[in-house]
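What follows is a single structure, written as structure tokens, with notes after it.
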Amino acid sequence: MIVGATRKRFWVAAFIGLAVFAYTIKRADFEKLVQHAEKIDLVWGALVLLSSALSYVCIAAVLHRLLKGVGYSLSFASTFKISLLSCTLNYLMALGGLSGVAAKVYLLSKEKIPPSNTLSISMVHGFLTNTVAVVFIYLGFFFLYSEYKMGTREKEAGLVVLLIAFLLTWITIQTIVHEAFRKGAWRLLLKGGNALCRLVRRPQWINRERAEIFFDNFNRSMNLLMRKAGVLVIPATLALLDWALMFLCLKLSFLAVHYPVDNRSLLLGFSVGIFTSLFSITPAALGLMEGSMAGSFYLMGLDYDYALLATLIYRIAYYFLPIFTSFFFYRRFFAPAKDKGKPGISARET
Numbered sequence: 002m003i004v005g006a007t008r009k010r011f012w013v014a015a016f017i018g019l020a021v022f023a024y025t026i027k028r029a030d031f032e033k034l035v036q037h038a039e040k041i042d043l044v045w046g047a048l049v050l051l052s053s054a055l056s057y058v059c060i061a062a063v064l065h066r067l068l069k070g071v072g073y074s075l076s077f078a079s080t081f082k083i084s085l086l087s088c089t090l091n092y093l094m095a096l097g098g099l100s101g102v103a104a105k106v107y108l109l110s111k112e113k114i115p116p117s118n119t120l121s122i123s124m125v126h127g128f129l130t131n132t133v134a135v136v137f138i139y140l141g142f143f144f145l146y147s148e149y150k151m152g153t154r155e156k157e158a159g160l161v162v163l164l165i166a167f168l169l170t171w172i173t174i175q176t177i178v179h180e181a182f183r184k185g186a187w188r189l190l191l192k193g194g195n196a197l198c199r200l201v202r203r204p205q206w207i208n209r210e211r212a213e214i215f216f217d218n219f220n221r222s223m224n225l226l227m228r229k230a231g232v233l234v235i236p237a238t239l240a241l242l243d244w245a246l247m248f249l250c251l252k253l254s255f256l257a258v259h260y261p262v263d264n265r266s267l268l269l270g271f272s273v274g275i276f277t278s279l280f281s282i283t284p285a286a287l288g289l290m291e292g293s294m295a296g297s298f299y300l301m302g303l304d305y306d307y308a309l310l311a312t313l314i315y316r317i318a319y320y321f322l323p324i325f326t327s328f329f330f331y332r333r334f335f336a337p338a339k340d341k342g343k344p345g346i347s348a349r350e351t
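The sequence shown begins at 2 in this note's numbering and counts up one residue at a time.
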């Protein structure tokens, strides 16, 4: 799936992430870090793992309910595997959630669901889960502006973050709700794609007739979802529960190291971590999320060693263990060509 030049970029990014991670660890008192790690409360640690697992169950349940609402019957076990794989692939190559949508489209198409329908379902699924993330970003920066004195440069950086979050949310809402906006955006994308193909002298890359058929099916599927808006109530509730469990996972991580932190400070660090994960240049935001979250907690007056250790526990439980677990499901959906008797996928569109 990651081949050629893409593989090289992946490993270069991974090396950068490891270097940043090493620097983050170096800033801590390693001896104290080890001492704190030896005193981790196993009960709280187990609850960290439980909250992480339940969060991923909620993510899968959102997708399962959406599929059921538009008439597709898929077992929860299959939905969970698809949801977990798309999440972890999105962690490894984050592009504002777009790689996760692309992964869901491909994985659901393997279950004989038409790509145009999988795209609409994937967009709504991503919207329900990521919109809550954007709300956390807003709340986090609201507390940042209201509670802490900031210089002009820090305020400008925070404003850029909020504007990006707002723009992404607005575009997604417009695409889902308004058919006219969808059609306009589609024409713009198609025109841009054709111009790019002419520029690289590959006009055959886009088959206009097939592209129009795909969009028509996608548009009808989106309209169907909007007419059945009632089916979104339960998925939206589950999406909210998912993020609440994710936040709980971070809170329990601090309790596991015997360093309780107030919810406002946690929310600010949590929102910093979310934004870092959305636009990360390293796989799974390696190094960047640990450094940004621990650094933000430190700037709020918390102990750096405790903050870093709690962040590491949170990262292992919510990111790295799910990534490792998803490897067991990888072969089913991305089987080599010799296993399937036909060409497999060689690269993932991000």
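For every residue, glycine included, the Cβ atom is placed at its ideal position computed from N, Cα and C.
Item                                                                                                                       : Value
Chain-order list of residues whose beta-carbon lies under 7 Å from that of L251 (same chain, five-residue window excluded) : L267, F271, Y315
Inter-residue spacing [alpha-carbon to alpha-carbon] between Y57 and D243                                                  : 7 Å
Proximity to V125 [Cα-Cα], best of A295, V135, I174                                                                        : I174
Top-ranked residue by Cα proximity to M290, from N220, A308, L226, D304                                                    : A308
8 Å Cβ cutoff met for G70 and K229                                                                                         : yes
For Y92 and Y331, believed in contact at Cβ under 8 Å, the rounded distance                                                : Actually they are not in contact, since the Cβ atoms of Y331 and Y92 sit about 14 Å apart, beyond 8 Å.
Beta-carbon gap between L246 and S87 smaller than 8 Å                                                                      : no
Minimum C-alpha distance to L19 - residue among I282, F329, A103                                                           : I282
Exposure of Y24, with buried meaning 16 or more beta-carbon neighbours within 10 Å                                         : exposed
Minimum C-alpha distance to H259 - residue among G193, V44, R28                                                            : V44
Other residues of its chain near K339: CB distance less than 7 Å, five sequence neighbours each side excluded              : With a pLDDT of only 47 at K339, under the threshold of 50, the placement of this residue in the model should not be trusted; the figure read from the coordinates follows. Excluding residues within five positions, none has a Cβ falling inside 7 Å.
Inter-residue spacing [alpha-carbon to alpha-carbon] between L310 and L269                                                 : 17 Å
For A237 and L67, believed in contact at Cβ under 8 Å, the rounded distance                                                : At roughly 10 Å, the Cβ-Cβ gap does not stay under 8 Å, so L67 and A237 are not in contact.
Endpoints, alpha helix (DSSP H) assigned at L1                                                                             : Residue 1 is absent from the structure shown; the chain starts at 2 and stops at 351.
Counted within 10 angstroms of its Cβ, other Cβ atoms place K105 as buried (16 or more) or exposed                         : buried
Residue range of the unbroken alpha helix (DSSP H) whose run includes I83                                                  : 77 to 93
Top-ranked residue by Cα proximity to I114, from I83, V136, V135                                                           : I83
Beta-carbon separation (whole angstroms), S79 vs S222, contact threshold 8 Å                                               : Rounded, the Cβ-Cβ distance is 20 Å, inconsistent with contact.
Cα-Cα separation between K27 and V21, rounded to whole angstroms                                                           : 10 Å
Nearest-angstrom Cα separation, counted from M301 out to L225                                                              : 47 Å
N118 burial status per 10 Å Cβ neighbour count (16 or more: buried)                                                        : buried
Top-ranked residue by Cα proximity to L50, from C198, P323, F328, F329                                                     : P323
Alpha-carbon to alpha-carbon, Q205 and S347                                                                                : Low confidence applies to S347: its pLDDT is 35, below 50, so where it sits in the model is not reliable, and the reading given next is rough at best. Cα to Cα, the separation comes out at about 20 Å.
Residues near A15 in its chain [Cβ-Cβ closer than 8 Å; skip 5 each side]                                                   : T283, P284, L287
Simplified DSSP state of Y331, which is helix, strand or coil                                                              : helix
G193 in three-state terms, based on DSSP                                                                                   : helix
Whole-Å CB distance - L1 paired with V273, under 8 Å assumed                                                               : The shown model of the chain, from 2 to 351, leaves out residue 1, and the question about it has no answer.
Exposed unless 16 or more other CB atoms sit within 10 angstroms - verdict on T153                                         : exposed
V71: first and last residue of the uninterrupted alpha helix (DSSP H) it sits in                                           : Careful: V71 lies outside any alpha helix (DSSP H) and carries neither H nor E.
Spatial distance of F77 from I60 (CA atoms)                                                                                : 11 Å
Residue closest to E112, alpha-carbon to alpha-carbon, out of S74, V135, E32                                               : S74
Beta carbon of W187 nearer than 8 Å to that of F216                                                                        : yes
Integer Cβ distance of R265 from N220, believed to fall under 8 Å                                                          : Actually they are not in contact, since the Cβ atoms of R265 and N220 sit about 43 Å apart, beyond 8 Å.
Contact belief for V102 with G127 at Cβ below 8 Å, rounded distance in angstroms                                           : 5 Å
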